[in-house]
Amino acid sequence: MIETSDAKRVEIIIESPMEQRLTDALNAAGVTGYTVLPVLGGSGRSGRWSREGQVSRAGGMVAVICIIREELLEDLLDAAFKVVKRHIGVVSVTDCQILRIERF
Amino acid sequence: MIETSDAKRVEIIIESPMEQRLTDALNAAGVTGYTVLPVLGGSGRSGRWSREGQVSRAGGMVAVICIIREELLEDLLDAAFKVVKRHIGVVSVTDCQILRIERF
Amino acid sequence: MIETSDAKRVEIIIESPMEQRLTDALNAAGVTGYTVLPVLGGSGRSGRWSREGQVSRAGGMVAVICIIREELLEDLLDAAFKVVKRHIGVVSVTDCQILRIERF
Amino acid sequence: MLDTILGLAAANLLSPLILFFVLGLVASLLRSDLSIPEAAAKAMSIYLLFAIGYKGGVSVSDHGVDGGLVLTLVAGLLLSFILPVVAFGLLKVMTGLSRVDAAAVAGHYGSISIVTFVAATSVLQSQGIATEGYMVAVAAGMEAPAILSALWLATRGQTSDQGTEGGFWREIFLNGSIVLLIGSFVIGLITGPKGLADIESFIVSPFKGVLCLFLLDMGLVAGRGLRTSGNILRPGLVLFGVVMPLVGSVFGFVVAVLLGLSPGGAMLLMTLSASASYIAVPAAMRVALPEANPSIYLTLSLGITFPFNLTIGIPLYLTMATAWGG
Amino acid sequence: MLDTILGLAAANLLSPLILFFVLGLVASLLRSDLSIPEAAAKAMSIYLLFAIGYKGGVSVSDHGVDGGLVLTLVAGLLLSFILPVVAFGLLKVMTGLSRVDAAAVAGHYGSISIVTFVAATSVLQSQGIATEGYMVAVAAGMEAPAILSALWLATRGQTSDQGTEGGFWREIFLNGSIVLLIGSFVIGLITGPKGLADIESFIVSPFKGVLCLFLLDMGLVAGRGLRTSGNILRPGLVLFGVVMPLVGSVFGFVVAVLLGLSPGGAMLLMTLSASASYIAVPAAMRVALPEANPSIYLTLSLGITFPFNLTIGIPLYLTMATAWGG
Amino acid sequence: MLDTILGLAAANLLSPLILFFVLGLVASLLRSDLSIPEAAAKAMSIYLLFAIGYKGGVSVSDHGVDGGLVLTLVAGLLLSFILPVVAFGLLKVMTGLSRVDAAAVAGHYGSISIVTFVAATSVLQSQGIATEGYMVAVAAGMEAPAILSALWLATRGQTSDQGTEGGFWREIFLNGSIVLLIGSFVIGLITGPKGLADIESFIVSPFKGVLCLFLLDMGLVAGRGLRTSGNILRPGLVLFGVVMPLVGSVFGFVVAVLLGLSPGGAMLLMTLSASASYIAVPAAMRVALPEANPSIYLTLSLGITFPFNLTIGIPLYLTMATAWGG
Ligand SMILES: Nc1ncnc2c1ncn2[C@@H]1O[C@H](COP(=O)(O)O)[C@@H](O)[C@H]1O
Ligand SMILES: Nc1ncnc2c1ncn2[C@@H]1O[C@H](COP(=O)(O)O)[C@@H](O)[C@H]1O
Ligand SMILES: Nc1ncnc2c1ncn2[C@@H]1O[C@H](COP(=O)(O)O)[C@@H](O)[C@H]1O
Ligand code: NA
Ligand code: NA
Ligand code: NA
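Chains as they are written, first to last, in our numbering: chain X, 1 to 104; chain S, 1001 to 1104; chain E, 2001 to 2104; chain D, 3001 to 3326; chain V, 4001 to 4326; chain R, 5001 to 5326.
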């Protein structure tokens, strides 16, 4: 059977204007990769919004998914937190198994 | 180190025409927020579909992600289930850790 | 209360040109369904890319989410691995609970 | 008579409009990856609604509003209410569909396909046949009522427990295409020919070209539907998909005669009655009748009735309308 | 005098441009699901920037570059720097906004709304009033400086710790709309009327029609904002949203007189000073002043000031400019 | 002779088309966030394929189909098969690429870039030089065969184990751009000038303007590629990116002479042979040769060869073709 290895899946939902800063921070924290997903809309303490309601880049958000070796988690969370702390957004971490750990 | 708290990540894949009803139900169930992701296509018991194959709003689906405190899970699932029960779609729940629990 | 059942959530990030081949392989492996999410961009060993930088279908990626009964996991991973092994991309597996297990 | 139909049909079949639809159909049946981005398709449909609504309003402001508008609008609403009942009856006779599926399908045939309407107007135009500008308002009016009939047919006796609360009816009657069509119509009515002059080179000249691209996309979508769900189409269903538009067009014809519409107007009312919705109604059905199988009504409406109207129906209705008119 | 204003306002209010904006506003206040795909809206704004920048460049190449360009550009930069300070003062007097919120709002009013500018040019055009082609370059120049003032107003004393590193200023001064506007302007300047002839039927004839659809979308967005965040608009804020453009236009007027601009040019500079940004500045504020509440500045700029300028402001500024000019 | 080239090159370099490409290139090298939504870019490329295919078909229906079409088509297929072998040889000599990388790159140069082709036709048009309408069919024909050569070059001896099953070849030969180009060509052939009259103001007048915006996007994409992967471009590779188009154009020239094409036709065949794919081939390579590094072939084709052909190549090929032709 294919062997899998334990890892962490970090999902960060953040405002589009901060995307570049976040991914730079992630790279600085030593992650080997990440994936950015589009977001259609959402709701939170700062209210409800939807992609179609945006004239401005300001409004939108993106979801950044980053799968990492467990030992990297703390550095990543520190880096991510520095970027999001003054901003709206959500950070969640899930345990996962991955194939091809050597790639991470 | 940054401290994280246990929470639940609920992912609901549902037909676009039901999105508004679902998010209303979630709010009613007391969730503090949610995020809606676009879906390109998929397959299930009701067959295969793809975004580009849609002339009609009817066809598409969206993925609603809702991160909540564990104690809220039951109410959320009840609320979500009421909306999806007659409809196609998928509901899954994952354990996760989050930053800034005070925001949830 | 609504009863949930244990299942696995498999997330496969793969190049768009391979999407069809992957989903065919998943169907062959007996999955009852899957959902395809668009990807805006990302970064990995093969470098950084973004949707807007693409003239060509070649560049983009998609995220395929497949929720399955635990007993199906091995077959699915075998099938998925055959498709991705020569390609870039990431496969991760998470434990989850689902409603309406009978649909899977 | 017959040869006029055939002549028209032939001319129609060899027009760029139809040929691009066929191209799309063939491309997706051959599983080419040709596709129009969803946003572009939506933008084109917005353009078509905007242009046709506005031009309709302008032409009404030209000829002045008369009682005809109100009467025809009312007649259109009634047709939209009644045709689903007719369709439901036919379905019960011709197919083995469950009541819910039959009701959902019936709803589609009471409502209208705006692209079929647009194609019909562009045929009239190339034939130089005038028509009542307010027909676009009638088209908008006919979109929604059929949905009420469908729900009634589906839930006679017991009342549906969900989905049809207040919000539902707002969604139906304020759905994007109705609002845009009526809104552009009213704006055309207010600004009149002077306003049209301003934006003519945007909404008039490129119109047919955009319609070609849009029909290419319709062909792609219809083909995809036939490829993935064609197996659902039992002979009885396919037959219904061809017979129902003819029946609908007869209803439209009779009403047009009673109203004394111009040949052009009569032909448009026939086309509206003959056409089946694939936008407003499917969305409504997913919300209110989720048990109804969407593959059935979408494949039937898009894969059978739409192509039939586009190719054979439109020239046929035109011949009938003009034969009577003149 | 007054009746000219009213006459112009009336004519303006009944133009397709305004009416489609109103349609969008009404549709979203009624919670219709009418919407323009994001990609289509972005494509339209790219088209508008491309067309207006290019035409401006061509007209300059026609009349030759004079010192006016440089002087007016400098004056525009200064207005963009100063107006936020004025706005900040007014906000402190008229509203109870926190310093950060007030600074963020003020920044929007120093910067400009390109759609308001485009609407103004199309009014001038239909009035057959000529204008300095380089005003589009001035418009581009006025987008960013206000952001510096806003940050200074927000962080006087302590320096903001984050977001405003090198990358930030590149984002601001090389943001897409500035680059496209200036780039198209320069290309128009180089290729001149000969180049224009090549692409005229793309950037000139359909222009007004595209602008109608774009304003429809602006109406939808503004309406959505008012619906979801209207409650934020305390009377003081609403009043500010109407008074500030008037104040701004006076600044613009004075500067225009000092520069000796043509009536058309004066009217455009007034419109630029009166308009509030809703693209470049909000994005910058989210990065550099995340504590400022976006609902306040977006709703104010899009929901109050934009409609005000579009409906009442533009004819008013035009009357003032021409009254003085002639 | 030389001064004609230079004259043409200069005129070409100062055309809006090139300048907008340069604008895009500069903007993304400066890391501006200017970008065209993916859906809009795809819609524009669909528009260009639709318009150029259709116009080609119409012009053939005008002058009637002759043996030239078939002969030239066959010649084009052969060029597409052979050029990758030539490119592969050059790469082995000029660069240190692995066999797989070299084969993948070679495949791109056997196939074609439709935008380069479109730019060439619009240059011919502004020069008032006629050409064989069926060249668009030849362009479509040349897209795919090079892929076979590339796979053969990569896997000589051992056979690739995956990806190239039936489905693969359908993807290649029925890829969207081939189907749309051929389909529109055939429709143009059927409907002829009468059909063109219907949609002329959609596919003819705005054509050049759309092409400007599309080249702006190409510039943005090319610039992004150069910025992120420019380091991959060793001198040998860059040289190849300039030499190979020249070699290809000579092949095209010889074939054109043998076929006795018109100067316009010859220039287009040279352009096709000189241009490198960045749509069909990269996708095919990702599936069938995933080990080949996409940054190499995409950066080379988009960042070096495309700009070279657009700026220097096209006027050069035109001069050669006309010099011989007349
Ligand atoms: N509990 C949650 N679950 C999922 N997404 C959330 C949640 N809370 C906030 N979000 C997302 O984060 C954005 C900002 O949230 P907030 O900072 O609470 O305004 C929202 O628009 C949502 O897209
Ligand atoms: N096992 C699954 N994993 C992920 N998504 C699924 C699964 N089953 C169904 N879906 C999604 O839910 C939609 C409806 O599924 P169904 O109700 O089975 O037709 C499908 O089109 C998929 O997008
Ligand atoms: N650690 C990771 N977490 C999330 N996504 C990743 C990760 N590594 C790679 N990816 C995604 O997979 C794509 C290809 O990765 P690679 O094969 O490493 O070049 C990247 O562009 C990302 O979209
Ligand atoms: Na009907
Ligand atoms: Na201003
Ligand atoms: Na070539």
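Every residue, glycine too, gets a C-beta built ideally from N, C-alpha and C.
Report all residues from its chain with a CB closer than 7 Å to the CB of residue i; omit the five preceding and five following residues, and keep chain order.
i, result
"I3279(D)", "S3177"
"T1035(S)", "I1065"
"S4273(V)", "L4079, L4083, G4248, S4249, F4251, G4252"
"S50(X)", "L40, G41"
Within a Cβ cutoff of 8 Å, which residues of the same chain sit near residue i, ignoring the five residues on either side of it in sequence?
i, result
"L5302(R)", "M5218, V5221, A5222, G5225, Y5278"
"R1048(S)", "G1041, G1042"
"G89(X)", "I12, I13, I14, E15, M18, M61"
"T5322(R)", "I5129, P5263, M5267"
Taking C-beta to C-beta, are residue i and residue j nearer than 8 Å?
i, j, result
"S4275(V)", "I4082(V)", "no"
"V5100(R)", "A5292(R)", "yes"
"R2021(E)", "T2094(E)", "no"
"R3286(D)", "E1015(S)", "yes"
"I4203(V)", "G5209(R)", "yes"
"S5262(R)", "T5131(R)", "yes"
"G4241(V)", "I4312(V)", "no"
"L3073(D)", "A3137(D)", "yes"
"L5069(R)", "A5103(R)", "no"
"R45(X)", "R1100(S)", "no"
"A4087(V)", "Y4109(V)", "yes"
"F5050(R)", "L3213(D)", "yes"
"R2086(E)", "P5290(R)", "yes"
"L3180(D)", "I3296(D)", "no"
Considering just the uninterrupted stretch of the alpha helix (DSSP H) at residue i, what are its terminal residues?
i, result
"V10(X)", "Here V10(X) belongs to no alpha helix (DSSP H); instead the beta strand (DSSP E) covers 5-15."
"F4251(V)", "4235-4259"
"A3130(D)", "It is not in any alpha helix (DSSP H) - A3130(D) carries neither H nor E in the DSSP assignment."
"I5005(R)", "5002-5013"
"I4314(V)", "4314-4325"
"R2021(E)", "2019-2028"
"G5024(R)", "5016-5029"
"T3311(D)", "Looking at the DSSP string, T3311(D) is not in any alpha helix (DSSP H), and its letter there is neither H nor E."
"A4150(V)", "4145-4155"
Quick one: give me the first and last residue of the beta strand (DSSP E) that residue i is part of.
i, result
"I1098(S)", "1089-1098"
Leaving out the 5 sequence neighbours to the left and right, which residues in its chain are closer than 6 Å to residue i when beta-carbon positions are compared?
i, result
"L73(X)", "K8"
"G3133(D)", "G3056, S3059, V3060"
"L4215(V)", "L4017, F4020, F4021"
"S3994(V)", "The structure shown does not extend to residue 3994(V), since chain V is modelled only from 4001 to 4326, so the question has no answer here."
"L4097(V)", "L4091"
Taking 7 Å as the cut-off, is the CB of residue i close to at least one heavy atom of ligand 7?
i, result
"C2096(E)", "Ligand 7 is absent from the structure shown, which contains only ligand 1, ligand 2, ligand 3, ligand 4, ligand 5 and ligand 6."
### Message
Counting beta carbon pairs with one atom in the segment 5012-5021 of chain R and one in the segment 5181-5190 of chain R, are three or more of them shorter than 8 Å?
### Response
With a cut-off of 8 Å on Cβ pairs, the segment 5181-5190 of chain R is not in contact with the segment 5012-5021 of chain R, counting fewer than three such pairs.
### Query
Which whole runs of the alpha helix (DSSP H) in the segment 1031-1086 of chain S are 4 residues long or more, in chain order?
The alpha helix (DSSP H) runs of length 4 or more contained entirely in the segment 1031-1086 of chain S are, from start to end of the chain, 1073-1084.
### Message
With three or more beta-carbon pairs closer than 8 Å as the criterion, would you say the segment 5144-5151 of chain R touches the segment 5069-5081 of chain R?
### Response
A contact exists between the segment 5144-5151 of chain R and the segment 5069-5081 of chain R.
### Message
Please give the ranges of any beta strand (DSSP E) in the segment 5190-5229 of chain R, keeping only runs that are unbroken, at least 3 residues long and fully inside the region.
### Response
If we require 3 residues or more, the segment 5190-5229 of chain R turns out to have no beta strand (DSSP E) run fully inside it.
### Task
Pick out the complete alpha helix (DSSP H) segments inside the segment 4033-4098 of chain V, 4 residues or longer, and give them in chain order.
Those alpha helix (DSSP H) runs which fall completely within the segment 4033-4098 of chain V and span 4+ residues are 4038-4063, 4067-4094.
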